[in-house]
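My numbering puts the first residue of the sequence shown at 722, with every later residue one more than the last.
Note that CB positions come from ideal geometry on N, CA and C, so glycine has one too.
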Amino acid sequence: MGLLSLGSPLSWQETKKHADHVRQHGIVQFLHIYNRLKNRQNDVLKWGDEVEYTLVKFDHENKRVYLSLKAIDLLDVLQIEENTNPGQNPTAWRPEYAGYMIEGTPGKPLGGCMRHFNMIEANMKLRRKEVNQLLGADETVMSIVGFPRLGCPNFTWPNHETTPGKGVTTSLFYPDMAIFQGHPRFATLSRNIRERRGSKVAINVPIFKDVNTPSPFIEKFPEVEGEGGRAAKPDHIYLDAMGFGMGCSCLQMTFQACSIDEGRHLYDQLAVVTPIVMALSAGTPIFRGYLGDVDCRWSVIAGSVDDRNPEEYGLEPLKENRFVIPKSRYDSISCYLSAKGKKFNDIDLVLDQEIHKKLVDSGIDDILARHYAHLFIRDPLTLFEEHIHEDDTQNSNHFENIQSTNWQTMRFKPPPPNSSIGWRVEFRPTEVQLTDFENAAFVTFVVLLSRVILSFDLNLLIPLSKVDANMQAAQKRDAARKDKFYFRKTLKNCQPQCAHSECCESESSCDEVVLMSIDTIINGKDGEFPGLIPLMNSYLSNVDVDIDTRCTISQYLKLIQKRASGELMTTARWMREFVHKHPDYKQDSVVSDLICYDLMNTCNKIANGEMECRELLGDYISKTNDVLDKKCIRIQDEMEKMEDAKRKEMGL
């Protein structure tokens, strides 16, 4: 979820008039934050997760399943306690793009105590319970990436008709009323992206070719005001609305670093593993009622918010626009942020040179200046009349307007104005999993990896062009088991040249990048590569962790290990096999209403512990609970005292 300012949204033409104003003042707002907090040190590790949930309604009598547009009603209830006692509730709830989605987070960040790893899953269970107790007997909340028949006729409850050629999306498949109606940001984003690019978004997902799939696979669409489905490609599933991407769900994690330098370092290091985690968490094999030939939502969500027009695509000479832009607003990162990462920035970076100069002249180092000068090549997509003119020393709305609509695999997040929050990084590519156990496992893996990187002084950096190649590979069908990925051969830092050449490897040898299986990257290979989880286990053996927490962490890491080795299936692979084995499947790539009903019903039973699924989860025992021991309470109290002192020091 991005910036949720309140006010009167402007049309695209009105927003466009203020684009330079927003960019210029956004940079000024960032400079105020940077200059005030660039030397901030010793913030404690805090972290939290964001799970995007999907609301589902079953018609068990007719064996149909729908997306339930109840988010606005549920949020009115879920947010009461949080609004009544800010900061005291164990959970927090926010709207998301669609009327069938809600985002749940812990009420307070975790961190500072190993025991918190044993609380992640318990908090996720609480979130699921809080929503389910507000639903009817035929309704449920699920953590699925994409609804299999999203965009098919009658996929929402209540049903709403599409408005091809009219309205916000003008979509053939996605009705405007499926967009969350409780805040104008979401519909405004959809409308302005379409108007800015001069056409509907056009996403083409390669279809999975089964025995009876027509070849070529061609759908016919009605012509609507000259556009219709002309952008549809043969042998592809055509999607034409922002909701096909932003209406999917993910799992995200945010970490507070101890300083800006540590934040930049973690941003770079974790960016390298974003494709690996995406492949391991793959959960999106079905699009608009068809089996696709990819397993992840990434290219779909990138296409769903791609506001580039023909000039920016490089299809026409630049006249009205400033840049040819290689990537969508939603894509992999385009530059590392740390000094160590500079030499690995091997892809062309489009910059706003004036903004770059302003940042450098204001004391920002060239690497960070390039990052923001790149983000700020974009236009603001939403603007509220009441927020055009702000006090740049006290607000960051213009900065966040651009920052929060660059949806990249990693996000570097400066502290909000007038807040005790520190410099943060957000890890964004993970596909949400069916169960709380799986989601807690991925959170634990990424948080522990950040600790191992810092504690063991690891270096995971590879050329960014290789990371981009990995992102493409990670989306392929069954990539976690079948594909290979570029990864650094040695994870130790290159030593500076010394007088005795025999005591250190050459830098080129140290930086060697090779293709590895995800099994090798995660589990290691004797004599060749240590493996990320063996390094985590080494770290855990040297920290103070209670038995129950150690047991739970072990179960989480075992899940990741077995996903990497192929012993356990990814969600996408499991869903494919479910469809292929279903008696209603005709080997024609079609996921019918009945198949969708049975699949969602089975997923729901697995998520609620009513059905075993050993091929997906294995055998596990989780000792998760929300109880802190005395030692952890003492650490937490000390952390709160430190936070209070910091707030007083900052005058908050």
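Excluding the 5 residues flanking residue i on each side, which residues of the same chain have their C-beta closer than 6 Å to its C-beta?
i: Ala952; result: Ala923
i: Arg848; result: Thr812, Gly825
i: Met1257; result: Leu1169, Val1173
i: Phe1008; result: Val926, Ile958
i: Leu1001; result: Ala1201, Arg1284
i: Leu1289; result: Lys1283, Gly1339
i: Ser1238; result: Lys1205
i: Gln734; result: none
i: Ala1094; result: Leu1072, Asp1073, Ile1076, His1077
i: Glu1223; result: Residue placement at Glu1223 is flagged as unreliable, the pLDDT there being 42, under the threshold of 50; a coordinate-derived value is accordingly withheld.
i: Gly832; result: Leu766, Lys767, Trp768
i: Leu1315; result: Lys784, Asp1305
Short of 8 Å in beta carbon distance, which residues of its chain neighbour residue i, apart from the five on each side in sequence? Order them along the chain.
i: Lys759; result: Ile981
i: Ala843; result: Thr1345, Asn1346, Asp1347
i: Val1251; result: The sequence given here has Pro at residue 1251, not Val. Result list for Pro1251: Leu1212, Gly1245, in chain order.
i: Glu782; result: none
i: Asn1042; result: Asn1030, Glu1032, Glu1033
Please determine, among the options, the residue with the shortest C-alpha to C-alpha distance to residue i.
i: Pro885; options: Lys1210, Tyr1093, Arg849, Glu946; result: Glu946
i: Asp1100; options: Arg1050, Gly1084, Ile1054, Asn1116; result: Arg1050
i: Lys846; options: Lys829, Asp859, Gly825, Asp1112; result: Gly825
i: Gly949; options: Val1311, Trp733, Thr883, Asp1347; result: Thr883
i: Thr1126; options: Lys738, Ile1354, Asn913; result: Asn913
i: His1119; options: Ser732, Lys737, His742, Gly728; result: His742
i: Val1188; options: Arg1202, Pro874, Thr1130, Arg1198; result: Thr1130
i: His837; options: Lys791, Thr1270, Thr1323, Phe965; result: Thr1270
i: Thr861; options: Gly888, Val1235, Met822, Arg757; result: Met822
i: Glu1361; options: Pro730, Gly808, Glu1249, Phe779; result: Gly808
i: Leu855; options: Asp794, Cys1353, Leu1181; result: Asp794
i: Val1021; options: Gly966, Ile1068, Gly1013; result: Gly966
i: Cys1017; options: Lys1351, Cys969, Asp1067, Pro1031; result: Cys969
i: Gly1010; options: Glu1336, His739, Leu1175, Met1296; result: Met1296
i: Asp797; options: Glu851, Phe1163, Gln1115; result: Glu851
i: Gln1067; options: Glu1370, Val777, Ser1059, Ser1055; result: Position check: residue 1067 holds Asp in this sequence, whereas Gln was assumed. Measuring from the Cα of Asp1067, the nearest candidate turns out to be Ser1055.
i: Ser1230; options: Phe894, Thr1241, Ile1243, Cys1215; result: Cys1215
i: Lys829; options: Ile1142, Gln750, Ala962, Arg1335; result: Ile1142
i: Ala899; options: Leu790, Val1153, Ser911, Pro935; result: Leu790
i: Pro1137; options: Ala740, His753, Ser732; result: His753
Less than 7 Å between C-beta atoms, sequence neighbours within five positions excluded: which residues of the same chain meet that for residue i?
i: Lys1326; result: Met1332
i: Val1264; result: Met835
i: Cys1317; result: Val786, Pro869, Arg870
i: Pro955; result: Pro937, Phe938, Ile939
i: His1221; result: Here His1221 scores only 42 on pLDDT, less than 50, and its place in the model is too uncertain to base an answer on.
i: Gly728; result: Phe1105, Glu1106, Glu1107, His1108
i: Glu802; result: Asn810
Which first and last residues belong to the beta strand (DSSP E) in which residue i is found?
i: Ile958; result: 957-960
i: Asp770; result: 767-780
i: Phe938; result: First-last for Phe938: undefined, no H or E at that position.
i: Ser1238; result: 1234-1238
i: Ser789; result: 785-789
i: Thr975; result: 972-977
i: Gly825; result: 822-827
i: Ile997; result: Not the beta strand (DSSP E): Ile997 falls in the alpha helix (DSSP H), residues 981-1001.
i: His813; result: First, the residue type needs correcting, since residue 813 is Ala and not His in the sequence shown. Here the beta strand (DSSP E) through Ala813 covers 812-816.
i: Glu860; result: 860-863
How many whole angstroms separate the CB atoms of residue i and residue j, which I take to be in contact at a CB cut-off of 8 Å?
i: Asp770; j: Leu972; result: 6 Å
i: Cys998; j: Pro1150; result: Here residue 998 turns out to be Val, not Cys, going by the sequence shown. Confirmed, about 6 Å.
i: Thr1165; j: Tyr1341; result: Contact flag wrong, Cβ pair sits at about 13 Å.
i: Val1146; j: Phe942; result: At roughly 42 Å, the Cβ-Cβ gap does not stay under 8 Å, so Val1146 and Phe942 are not in contact.
i: Ser1176; j: Thr1273; result: Contact flag wrong, Cβ pair sits at about 20 Å.
i: Asp1014; j: Ile1088; result: About 38 Å; that fails the 8 Å criterion.
i: Leu1012; j: Val1300; result: 6 Å
i: Gly964; j: Thr890; result: 7 Å
Considering residue i, what are the terminal residues of the alpha helix (DSSP H) in which it resides?
i: Gly966; result: 964-967
i: Ser1176; result: 1157-1176
i: Tyr1260; result: 1253-1261
i: Gln1074; result: 1074-1082
i: Met1192; result: 1185-1195
i: Ala1090; result: 1087-1096
i: Phe1299; result: 1292-1302
i: Val749; result: 740-758
i: Val852; result: 841-853
Can you find a C-beta in chain D that's less than 9 Å from the C-beta of residue i?
i: Asn1160; result: Considering every chain present, this structure includes no chain D. It has just one protein chain.
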